Structure formats: C-alpha cells, structure tokens
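J.: Quick note: the sequence shown uses our numbering, first residue 56, plus one each step. Pasting a structure here, questions to come.
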Amino acid sequence: MRIIAGTARGRRIFSVSKNLPVKPISDRMKQSLFDILRPRIPGAKMLDLFAGTGSVSLEALSRGALHTVMVDKEPACIKNIHRNLAHLGFAERATVLKADVLKPLDWLLAYSDNDGYDIIFMGPPYRDINNKMLSLSEPSLNNVAQAQLLAPGGILVIQTHKTEQFVIPATLEVFRVEKYGDTLVRFLRKPKLKAEK
56 MRIIAGTARG RRIFSVSKNL PVKPISDRMK QSLFDILRPR IPGAKMLDLF
106 AGTGSVSLEA LSRGALHTVM VDKEPACIKN IHRNLAHLGF AERATVLKAD
156 VLKPLDWLLA YSDNDGYDII FMGPPYRDIN NKMLSLSEPS LNNVAQAQLL
206 APGGILVIQT HKTEQFVIPA TLEVFRVEKY GDTLVRFLRK PKLKAEK
C-alpha cells in the first residue's frame with residue numbers, strides 16, 4: 056500500500072498481519088473516495104473509526120487535512136498506525152486512540168475542540184477472524200449520531216459489505232452511494248432544513 060497523492064505521494068504504508076480481521080481499502084476505492092472528498096480535505100478535522108492500517112487518515116494528512124483522530128481496538132493496529140505516522144512524519148498532526156467503537160463515543164467530541172469533525176470515515180470489519188459475517192455498521196453509526204460527532208456541514212463516509220442491511224439514524228441522511236465490487240460506500244450528512252413556506 057502507498058500514499059496516492061499529496062506531500063507523501065508514493066510513500067509506502069506498512070500493513071498488519073493478515074490474521075487480523077482488517078481489510079485495507081483498495082487503491083481504486085481510495086482514489087475514488089478522495090476524488091469525491093478533495094474540496095473538503097484541506098484544513099479538515101477528521102475522525103477515522105475502525106482505523107485499521109490508518110490508510111485513509113494517512114492519505115487525508117498527505118492531502119492537507121489539519122488533524123486526524125484514529126480509533127481502533129486492536130493493539131497491533133494501534134502499534135502499526137504509530138509506525139506509519141512516524142514513517143511519514145505525520146505524528147504531530149494525529150491522535151491515535153485504543154477504544155471500542157461499539158461503546159459510547161461522547162468523549163471523542165473533546166478531541167475536535169468540541170466543534171465536531173468535518174469528515175468521519177468508518178470502515179467496520181465485514182467478518183471476524185473465523186470468517187463469520189459481522190453487522191457493526193448500525194450500532195457504530197448510532198453511537199456517532201448520539202455523540203453528535205459530525206460538525207455542521209460535515210460528511211460521514213461508511214464502507215460496508217453490499218449485503219449488510221442497517222437503519223440510518225434519523226439525524227443523518229444518505230446523499231451519495233458508490234459501489235466497488237462487494238463493497239458499498241455511503242456518504243451521509245445531517246439533513247438539510249426544509250425551507251419555510
């Protein structure tokens with residue numbers, strides 16, 4: 056894996072053991088994602104949940120994101136993210152936290168200076184280490200919505216298996232969907248207020 060664009064373009068990203076239930080985002084998917092997000096990246100505060108290798112946050116930092124908060128519960132992922140940040144020289148612009156996204160997330164608001172995040176990326180694992188399908192999107196989305204982590208005008212991006220069914224919280228709306236093989240990427244935002252009559 057490598058950084059696609061920005062100040063660290065072409066630099067290598069270290070991965071984690073294939074024994075972990077981590078499916079790194081493909082270069083094709085990452086390129087498409089950042090083509091869509093490009094205008095919003097410079098100066099953005101980003102939250103990366105189920106961060107895995109940290110690939111998405113590292114790409115955002117390379118492209119000018121102000122700061123990224125990366126959350127994962129796997130110690131091996133946390134260690135690898137720190138390694139990548141040091142390798143690319145981004146350590147001062149990132150916060151790495153070991154935590155379970157399926158538990159309340161209110162405490163994460165403080166890491167955005169209580170303003171919320173401009174971009175939230177979520178890539179919940181599709182399967183566990185025994186290849187059993189997981190359904191982590193709905194509970195983790197609910198936790199993000201309840202904690203009000205999305206800044207006004209912000210975007211939440213969630214990557215899921217195409218067969219996973221879940222309910223979107225009422226405080227969020229899907230405004231774009233992209234499909235890549237067996238993966239769906241949904242772009243969400245706070246619903247726009249209806250114009251008064």
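Where a beta carbon is used, it is the ideal one built from N, C-alpha and C, also for glycine. Quick caveat, the model's predicted, so the values are computed rather than measured.
Measure the Cβ-Cβ separation of THR123 and ALA115 and say whether it is below 7 Å.
T.: Closer than 7 Å, so yes.
J.: In terms of residues, what are the limits of the beta strand (DSSP E) holding ILE210?
T.: Taken as a continuous stretch (DSSP letters only), the beta strand (DSSP E) holding ILE210 covers 205-216.
J.: Give me whichever residues DSSP pairs with ASP103 in a beta bridge.
T.: Partner(s): MET125 and PHE176.
J.: Determine, using beta carbons only, whether SER110 and ILE80 come nearer to each other than 7 Å.
T.: It is a contact, given that the beta carbons lie within the stated cut-off.
J.: Would DSSP call ARG241 helix, strand or coil?
T.: In the structure shown, ARG241 sits in a strand (DSSP, three-state: E or B).
J.: When the Cα atoms are used, what is the spatial distance from ALA154 to THR215?
T.: Cα-Cα distance, rounded: 20 Å.
J.: Taking its Cβ as the centre, do 16 or more other Cβ atoms sit within 10 Å of ASN139, making it buried, or is it exposed?
T.: ASN139 should be labelled buried.
J.: On a CA-only basis, which of GLY209, ASN198, THR218 and SER87 is nearest GLY171? Give me that one, please.
T.: For the residues GLY209, ASN198, THR218 and SER87, the minimum Cα distance to GLY171 belongs to GLY209.
J.: Assign LYS247 to one of two classes, buried (16 or more other C-beta atoms within 10 Å of its C-beta) or exposed (fewer than that).
T.: The residue in question, LYS247, is exposed, as its Cβ has fewer than 16 Cβ neighbours within 10 Å.
J.: Output the distance between the C-alpha atoms of VAL151 and THR218, rounded to the nearest integer angstrom.
T.: For VAL151 and THR218, the distance between alpha carbons rounds to 30 Å.
J.: For SER167, which option in LEU191, ILE136, LEU204 and HIS142 has the closest C-alpha, if you only look at C-alpha atoms?
T.: The option with the nearest alpha carbon to SER167 is LEU204.
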